[in-house]
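So the structure is just underneath, and the comments pick up after that.
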Amino acid sequence: MKGRNEITPTNSTHVSAAQPGPARENVKRSYLLIALFVMAAASMFYFSGWSIPAAGRRFAELFQRAEYTHGVPQHLLARMAQQESNFDPDARSSAGALGIMQIVPRWHPDVNALDPAAAIDYAGALIRKHFERFGSWAQALAAYNAGPTRTAREISASGVNWLAHMPAETQDYIARITADVRVS
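Here full-length UniProt numbering is used: position 27 in the sequence shown is 27, and no number is missing along the way.
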């Protein structure tokens, strides 16, 4: 006598791709959808041969941790750090921005901008938040550089031509980063 938990042809939920019929087509379709998802995700972000320069390699683990924690590609964060401070954790700008990620304490008082671990983690969370709000890495970079309010205003007013209406510094910021680390 067969037990209730024993797998038989009538109570099995396992479907083999080799079995003919609609179940086999569902398995094939699932594999195809997974493959398409992986290809689409890979096409959203790719590198053009850029790698973290020697000056930034000491922070590589922090960029990796931020990628794992916040889902922001580590090379994007590293390239941002290079553009912001050339990987200088003690950098100070005339505008009051501090640290490796050039965080302005007036706008972000809850982070120690001079602590590379805290700054990179915070920047990862912030750029992810901007990406989720705006839907593209270029617009997320604009929000990081010029602020989310300005970015939203220009997108709303100018549509697809939003970047032409951003400050020249922001246009240059995005162009330099995306020239090395391609984003879409």
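All C-beta atoms in this analysis are idealised placements derived from N, C-alpha and C, irrespective of residue type, glycine included.
Subject >> Limits of the unbroken alpha helix (DSSP H) element including F63 >> reply: For F63, the enclosing alpha helix (DSSP H) has its first and last residue at 60 to 70.
Subject >> Length at least 4, wholly inside the UniProt domain "Transglycosylase SLT" (62 to 158): the alpha helix (DSSP H) runs in chain order >> reply: If we require 4 residues or more, the alpha helix (DSSP H) runs fully inside the UniProt domain "Transglycosylase SLT" (62 to 158) come out as 74 to 85, 116 to 134, 137 to 146, 148 to 158.
Original post:
Taking one C-beta from the stretch 160 to 175 and one from the stretch 134 to 152 each time, how about it: are there three or more such pairs within less than 8 Å?
Top reply: In this structure the stretch 160 to 175 lies against the stretch 134 to 152, because at least three pairs of beta carbons, one per stretch, are closer than 8 Å.
Original post:
For G71, which of E132, D115, V111, A118 has the nearest alpha-carbon?
Top reply: Of the candidates E132, D115, V111, A118, the one whose C-alpha sits nearest the C-alpha of G71 is E132.
Original post:
Beta carbon of A81, beta carbon of M101: below 8 Å?
Top reply: For A81 and M101, yes; Cβs fall inside 8 Å.
Original post:
Can you list, in chain order, the residues of its chain whose CB lies under 6 Å from that of H165, leaving out five sequence neighbours each side?
Top reply: Around H165: E154, S158.
Original post:
If you draw a straight line from the alpha carbon of A119 to that of V160, how long is it in whole angstroms?
Top reply: Each residue's Cα considered, the two are about 31 Å apart.
Original post:
Which same chain residues, not among the five before or five after Y122, have their C-beta less than 6 Å away from its C-beta?
Top reply: Cβ within range, chain order: V111.
Original post:
If you draw a straight line from the C-alpha of A55 to the C-alpha of F134, how long is it?
Top reply: Taken atom to atom, the span from the alpha-carbon of A55 to that of F134 is near 31 Å.
Subject >> Straight-line Cα distance separating S93 from H108 >> reply: Computed Cα separation, rounded: 15 Å.
Original post:
Under the rule that 16 or more other beta-carbon atoms within 10 Å means buried, what is A179, buried or exposed?
Top reply: Exposed, because fewer than 16 other Cβ atoms sit within 10 Å of the Cβ of A179.
**OP:** Quick one: residues in its chain with C-beta nearer than 7 Å to the C-beta of W162, no 5 flanking neighbours on either side, listed in chain order?
**Re:** Excluding positions up to five away in sequence, the list reads E154, I155.
Subject >> Straight-line Cα distance separating A91 from Y68 >> reply: Between Y68 and A91, the C-alpha separation is close to 26 Å.
Original post:
Nearest-angstrom Cα distance between F63 and T170?
Top reply: Distance between the alpha carbons of F63 and T170: 22 Å.
Original post:
Does the distance from the CB of G147 to the CB of A66 come in under 8 Å?
Top reply: No; because the gap between Cβ atoms is not below 8 Å, this pair is not in contact.
Subject >> Nearest residue (CA-CA) to R128, options P73, A113, G99, R106 >> reply: Distances from the alpha-carbon of R128 to those of P73, A113, G99, R106 put P73 closest.
Original post:
Whose C-beta lies closer than 6 Å to the C-beta of R79 among residues of the same chain, with five residues either side of it excluded?
Top reply: Contacts found: I177, D180, V181.
**OP:** Give the DSSP-derived three-state secondary structure of I174 in the structure shown.
**Re:** Residue state, collapsed to three classes: helix.
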